[in-house]
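Asks: Just so we're aligned: the sequence shown equals residues 17 to 720 in this note's numbering.
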Amino acid sequence: MAALEHPNICPVQEIGEYEGRTFIVMSYIEGRTLKARLAEAALSVDEALDITIQVASGLAAAHAKGIVHRDVKPDNIILTDIGDETGRASRAVLIDFGLAKQSETTLLTRTGTVMGTAAYMSPEQARGAAVDARTDIWSLGVTLYEMLAERRPFEAEHDPGLLYAINNMEPRLLTEAAPDVPEKVGQLVQRTLAKDPQKRISSALDLGNQLTTLAKATLSRLNTAQDRTISSESTRRQGLDSGAVAVLPFANLSGTDDAEFLATGLHNDLLSELSRIPGLTVISRTSVMGYQKTEKSVPQIGRELNVGTIIEGTVQSAGNRVRMTAQLIDAVDDIQRWSERYDRELSPETLFAIQSELTQRIVESLQSKLVPDQVLPVGKLQTGDLEAYRLNTLGRMQLDRRTEAGVRRALELFEQAVKCDPDYALAWVGLADALTLMVSYGYGGGSEALLSRAKESASRALELDPDSAEAHASLGLFYGTIQDGPSSVLESDLAIQIQPSYADAHNWLSYWQNLSGRANEGLKCAKRAVELNPLSAEAVSNLSLSFLTNLKSEEALAEADRTTELSPGWTTADFYKGIGLYDLQRYSEARSVLSDITVEWAGLGAEATLALTHVALGDEALARQVLAGIDPGIDAFAVGMVHLALGEVDVGFDRFFSVDQLSDWPILAVHHLYRDVWNTVKDHPRYQELVRHAYTSYNLEVLR
Numbered sequence: 017m018a019a020l021e022h023p024n025i026c027p028v029q030e031i032g033e034y035e036g037r038t039f040i041v042m043s044y045i046e047g048r049t050l051k052a053r054l055a056e057a058a059l060s061v062d063e064a065l066d067i068t069i070q071v072a073s074g075l076a077a078a079h080a081k082g083i084v085h086r087d088v089k090p091d092n093i094i095l096t097d098i099g100d101e102t103g104r105a106s107r108a109v110l111i112d113f114g115l116a117k118q119s120e121t122t123l124l125t126r127t128g129t130v131m132g133t134a135a136y137m138s139p140e141q142a143r144g145a146a147v148d149a150r151t152d153i154w155s156l157g158v159t160l161y162e163m164l165a166e167r168r169p170f171e172a173e174h175d176p177g178l179l180y181a182i183n184n185m186e187p188r189l190l191t192e193a194a195p196d197v198p199e200k201v202g203q204l205v206q207r208t209l210a211k212d213p214q215k216r217i218s219s220a221l222d223l224g225n226q227l228t229t230l231a232k233a234t235l236s237r238l239n240t241a242q243d244r245t246i247s248s249e250s251t252r253r254q255g256l257d258s259g260a261v262a263v264l265p266f267a268n269l270s271g272t273d274d275a276e277f278l279a280t281g282l283h284n285d286l287l288s289e290l291s292r293i294p295g296l297t298v299i300s301r302t303s304v305m306g307y308q309k310t311e312k313s314v315p316q317i318g319r320e321l322n323v324g325t326i327i328e329g330t331v332q333s334a335g336n337r338v339r340m341t342a343q344l345i346d347a348v349d350d351i352q353r354w355s356e357r358y359d360r361e362l363s364p365e366t367l368f369a370i371q372s373e374l375t376q377r378i379v380e381s382l383q384s385k386l387v388p389d390q391v392l393p394v395g396k397l398q399t400g401d402l403e404a405y406r407l408n409t410l411g412r413m414q415l416d417r418r419t420e421a422g423v424r425r426a427l428e429l430f431e432q433a434v435k436c437d438p439d440y441a442l443a444w445v446g447l448a449d450a451l452t453l454m455v456s457y458g459y460g461g462g463s464e465a466l467l468s469r470a471k472e473s474a475s476r477a478l479e480l481d482p483d484s485a486e487a488h489a490s491l492g493l494f495y496g497t498i499q500d501g502p503s504s505v506l507e508s509d510l511a512i513q514i515q516p517s518y519a520d521a522h523n524w525l526s527y528w529q530n531l532s533g534r535a536n537e538g539l540k541c542a543k544r545a546v547e548l549n550p551l552s553a554e555a556v557s558n559l560s561l562s563f564l565t566n567l568k569s570e571e572a573l574a575e576a577d578r579t580t581e582l583s584p585g586w587t588t589a590d591f592y593k594g595i596g597l598y599d600l601q602r603y604s605e606a607r608s609v610l611s612d613i614t615v616e617w618a619g620l621g622a623e624a625t626l627a628l629t630h631v632a633l634g635d636e637a638l639a640r641q642v643l644a645g646i647d648p649g650i651d652a653f654a655v656g657m658v659h660l661a662l663g664e665v666d667v668g669f670d671r672f673f674s675v676d677q678l679s680d681w682p683i684l685a686v687h688h689l690y691r692d693v694w695n696t697v698k699d700h701p702r703y704q705e706l707v708r709h710a711y712t713s714y715n716l717e718v719l720r
């Protein structure tokens, strides 16, 4: 490596060892990292291509000498103000060959050890397998994708989820993540990210040459109208998402209970399977169910859900026969693009076949919006027992109601389903969810026993189907209920890697990111959850919270109002609206909103916020009147916060520490909300102790 000389490579001056530790000495390069440049502002396509061409040139020189870098990433690319002989005003230099590998002899690393930065690792590198120059092609492709899209192609909260995604998921099409990127550039980047090294661009030299050719071409030549379908053009004119689809509830033409469970089951299965397709946005069942028996036109539904494609279907059953029809409709032009009819003998196998064939037909129709030539995730027949399938479908219908009667009935149905087929993973998921919700909604006693069964059921589902997004999401819900934040984040993240359009998982992950202090990431997930489930009061309400945690109170108010429109009486929305008004110092309005509401999950947080508005308005007597009605045995944190606002700091902190474990609302409050209150005590020695106390309650790391 010391002999490697190239204008786009930082020279290695020496490799040595000191007290048993290997070190390298590199030349000093004046400049800033590409990572720092990306943090400042977006790069133009020309800039991104030029940087990549230079790095590819350096890699080609290294590869020619048998050296593989193995850690290509923005942090290891220095942008200098020194030009080169080609007339460039600046130069990109690849640094840090600390993980470099020459031929089959590993330098500075142990053979078989997974080395590198996870987000930029190739699939083979992530597995700890043998690597060659093509691993650098992958890493440079990830870097180029990040420069153009302002996000990496594979993202996850933790390394296990990230490595799973790299090996099993396809990234969102670059031209969708960054619409201004020319189509051919997007296709070339896609080739750098082929999971099979044999299908990847074969050399850095070839990559550099192709990028140079593209950089010389004009944008109009690269992104011609032929690259897009007529349907895609029309949806763009209307501002709709051409890569988004809504599958409306299938109509039961027979009018029988048997046909109803078949229509519901097929609808659920199709949504689940489509949600696994990378690059495709699939509107959640919660949002599409509002269009059952609707008289609205397809274009109106398309506008309301922001989708370019609508799927409609019908189901009929008679004896042991089932007939299903489906049609794909352009949401802008209201034109039917195709229609299919399936006449089959009724069995779980035929239902699975119908769902698989229909998924394939839909994806073929939307191929221009998806990853080219991608391999569709392989579905799995979950059960061969039609009665178990029926019970599970009915159980999910009951669980969706979220009422006590609904959850209890769902629990009975799922228990019957797993008795019919003990190897039915989705039925075990349903059982786990019902048991967890019994506890989190306060519908039953014996919480410890219920949660123990929930964990066993979700784990059983994962044993039966390790790639079940539903099972991972169920574990995420369970861990959240027992206040294990990191585990909840990890499981929700894994669910999303397997099923990118899993709206609930995005929603739960957003909430836990907010709890963990990652407000910006929480907002991204909350927005995605609403894209996937735009008519869900829960998702929109959580988006309101995410705006609050990001100091965007005006936006929070708008989403709180939208939540109320979707679900009048949703008191959490009133709570968030009250906090937003308080943050905006619109105290009289906040007081009006917060009067006479209670939000159970937040303890007595709404009452405490009302007391804060009284303090802000100078009505100390009213504040103390509210305070007198707050039982410290129920919510010591709320009591303590009001004492702080009243200037009684020591009393406030004493209240905070009068309980061993706190709920999730105090964590949100102490880290994100009521900043005027916390600013008065942020330098108090007991404040950081309080933050640690709150986070420890949920097994979260304290972010400073």
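Glycine included, every Cβ here is placed at the ideal spot set by N, Cα and C.
Every value quoted in this text rests on a predicted model; they were computed, and no experiment measured them.
When you compare the CB positions of residue 466 and residue 451, do they come within less than 7 Å of one another, or not?
Replies: Yes, these two residues count as a Cβ contact at 7 Å.
Asks: Is it right to say residue 509 is buried, meaning 16 or more other beta carbons lie within 10 angstroms of its own, or is it exposed?
Replies: Label assigned to residue 509: buried.
Asks: In terms of alpha-carbon separation, which member of 68, 547, 93, 107 lies closest to residue 228?
Replies: When only C-alpha atoms are compared, the closest one is 68.
Asks: Give the C-beta separation of residue 209 and residue 157 to the nearest angstrom, bearing in mind that I take them to be a contact with Cβ-Cβ under 8 Å.
Replies: Contact holds; Cβ gap of about 5 Å.
Asks: Comparing C-alpha positions only, which one of 263, 279, 700 sits nearest to residue 299?
Replies: With distances taken between Cα atoms, residue 299 lies closest to 263.
Asks: With respect to the alpha helix (DSSP H) encompassing residue 669, which residues constitute its N-terminal and C-terminal limits?
Replies: Per DSSP, residue 669 belongs to the alpha helix (DSSP H) from 665–672.
Asks: Could you spell out where the alpha helix (DSSP H) holding residue 694 opens and where it closes?
Replies: Here the alpha helix (DSSP H) through residue 694 covers 691–695.
Asks: Excluding sequence positions up to five away, which residues of its chain have a Cβ less than 8 Å from the Cβ of residue 27?
Replies: Counting only Cβ-Cβ distances below 8 Å, and skipping sequence neighbours, we find 18, 20, 21, 42, 43.
Asks: Whose CA, out of 219, 666, 660, 671, lies closest to the CA of residue 725?
Replies: Absent from the structure is residue 725, since the part of the chain shown begins at 17 and ends at 720.
Asks: According to DSSP, is residue 203 helix, strand or coil?
Replies: Helix, per DSSP.
Asks: Shortest alpha-carbon distance to residue 232 belongs to which of 261, 198, 259, 326?
Replies: Nearest option by C-alpha distance: 198.
Asks: Can you tell me which of the three DSSP states residue 629 falls into?
Replies: Helix, per DSSP.
Asks: Of all the CB atoms in chain C, is at least one closer than 7 Å to the CB of residue 166?
Replies: The chain inventory of the structure shown lacks chain C, comprising one protein chain alone.
Asks: Tell me the residue span of the alpha helix (DSSP H) that contains residue 140.
Replies: First-last of the alpha helix (DSSP H) with residue 140: 139–142.
Asks: Measuring CB to CB, does residue 549 end up less than 7 Å from residue 381?
Replies: Not closer than 7 Å, so no.
Asks: Beta-carbon within less than 6 Å of residue 343's beta-carbon, same chain only, minus the 5 sequence neighbours each way: which residues are those?
Replies: Here the set comprises 328, 352, 355.
Asks: Considering only their Cβ atoms, is the gap separating residue 138 from residue 88 smaller than 7 Å?
Replies: The answer is no: Cβ separation not under 7 Å.
Asks: Quick one, are the C-beta atoms of residue 403 and residue 436 less than 7 Å apart?
Replies: Contact flag set, yes.
Asks: Just grab the DSSP bridge partners of residue 268 for me.
Replies: In DSSP, residue 268 forms a bridge with 331.
Asks: Is the separation between the beta-carbon of residue 618 and that of residue 681 shorter than 7 Å?
Replies: Their beta carbons are under 7 Å apart, which means residue 618 touches residue 681 by this criterion.
Asks: What alpha helix (DSSP H) runs, 4 residues minimum, are completely inside the segment 47–104?
Replies: Taking only runs of at least 4 residues, the alpha helix (DSSP H) segments lying wholly in the segment 47–104 are 50–56, 61–80.
Asks: Please confirm whether residue 596 and residue 624 have their CB atoms less than 7 Å apart.
Replies: The answer is no: Cβ separation not under 7 Å.
Asks: Let me make sure I understand the geometry here. Which of 176, 108, 163 has the alpha-carbon closest to that of residue 143?
Replies: Answer by Cα proximity: 176.
Asks: In the DSSP assignment, what are the bridge partners of residue 7?
Replies: Any property of residue 7 remains undetermined from this structure, which presents the chain solely from 17 to 720.
Asks: Count the other CB atoms, across all protein chains shown, that sit within 10 Å of the CB of residue 222; report buried if there are 16 or more and exposed otherwise.
Replies: Result: exposed.
Asks: Could you compute how far the alpha carbon of residue 712 sits from the alpha carbon of residue 502?
Replies: Going from the Cα of residue 712 to the Cα of residue 502 covers about 11 Å.
Asks: Rounded to a whole number of angstroms, what is the C-alpha to C-alpha distance between residue 610 and residue 411?
Replies: About 37 Å.
Asks: Given a cut-off of 7 Å on the beta-carbon distance, is the pair residue 576 and residue 558 in contact?
Replies: In this structure, residue 558 does not lie closer than 7 Å to residue 576 by Cβ.
Asks: Going residue by residue through the segment 593–645, where are the continuous alpha helix (DSSP H) segments of at least 4 residues, counting only ones entirely within it?
Replies: Whole alpha helix (DSSP H) segments, 4+ residues: 603–610, 621–632, 636–644.
Asks: Can you say whether residue 656 is buried or exposed, counting buried as having 16 or more other CB atoms within 10 angstroms of its CB?
Replies: So residue 656 ends up on the buried side.
Asks: So residue 418 is in the beta strand (DSSP E); what residue range does that whole segment cover?
Replies: First-last for residue 418: undefined, no H or E at that position.
Asks: With H, G and I counted as helix, E and B as strand and the rest as coil, what does DSSP make of residue 249?
Replies: With a pLDDT of 46 at residue 249, under the threshold of 50, the modelled position of this residue cannot be trusted, and the question is left open.
Asks: Helix, strand or coil: how does DSSP classify residue 160 here?
Replies: Looking at residue 160 - three-state DSSP - the assignment turns out to be helix.
Asks: Which residues bound the beta strand (DSSP E) around residue 32?
Replies: First-last of the beta strand (DSSP E) with residue 32: 28–34.
Asks: So for residue 439, helix, strand or coil by DSSP?
Replies: Three-state DSSP puts residue 439 in coil, outside helix and strand.
Asks: Buried or exposed for residue 184, going by 16 or more other Cβ atoms inside 10 Å?
Replies: When all chains shown are included, residue 184 counts as exposed.
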